[in-house]
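Asker:
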Amino acid sequence: RKAMKGRLYFTAKAQKEGKIMIKTHPLARVCCCHSCGFEQVDAEQYYSELEEKLTDEFNAERNRITLKRLGMGFVTLQDERMTAV
Numbered sequence: 001r002k003a004m005k006g007r008l009y010f011t012a013k014a015q016k017e018g019k020i021m022i023k024t025h026p027l028a029r030v031c032c033c034h035s036c037g038f039e040q041v042d043a044e045q046y047y048s049e050l051e052e053k054l055t056d057e058f059n060a061e062r063n064r065i066t067l068k069r070l071g072m073g074f075v076t077l078q079d080e081r082m083t084a085v
């Protein structure tokens, strides 16, 4: 969800201001100089790739869970009398 919001935000901002470059490393926000060596990437492309990667991971996990058997079953009874043996 955050990747999608980031992509939408930077897409809208890029339409107004042009191509936007961001630093992806968390500590890059602390350091304002350009000599620290943090890589700058296109914001739209970064968030698009991140969104695609996370969506693929989510779908893979969903498929894995769907295929995993629980090893139990469920029995539904209409009333309490059906439980008497």
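Using full-length UniProt numbering, read the sequence shown as starting at 1 and increasing by one per residue. No residue lacks a Cβ here, since even glycine has one placed at the ideal position from N, Cα and C. All values reported here derive from a predicted model rather than from experimental measurement.
(1) If you run the structure through DSSP and keep just helix, strand and coil, what is I22?
(2) Going by other Cβ atoms of all chains shown within 10 Å of its Cβ, with 16 needed for buried, is F58 buried or exposed?
(3) Could you check whether M21 and A43 sit closer than 8 Å to each other, using their CB atoms as the reference points?
(4) Go through its chain and collect everything with a Cβ distance to L50's Cβ below 6 Å, but skip five positions before and after it.
(5) Would you kindly check if the distance between the Cβ of K53 and the Cβ of Q40 is under 8 Å?
(6) I need the boundaries of the alpha helix (DSSP H) containing D42, first residue and last residue.
(7) Hey, G18 and Y47 are a contact pair by Cβ (cut 8 Å); roughly how many whole angstroms apart?
(8) From A12 to K68, what distance separates their C-alpha atoms?
(9) Buried or exposed, going by whether 16 or more other CB atoms sit within 10 Å of the CB of F74?
Answerer: To lay it out plainly:
(1) strand
(2) exposed
(3) yes
(4) A3
(5) no
(6) Here D42 belongs to no alpha helix (DSSP H); instead the beta strand (DSSP E) covers Q40 to D42.
(7) Wrong, their Cβ atoms sit about 16 Å apart, outside the cutoff.
(8) 41 Å
(9) exposed
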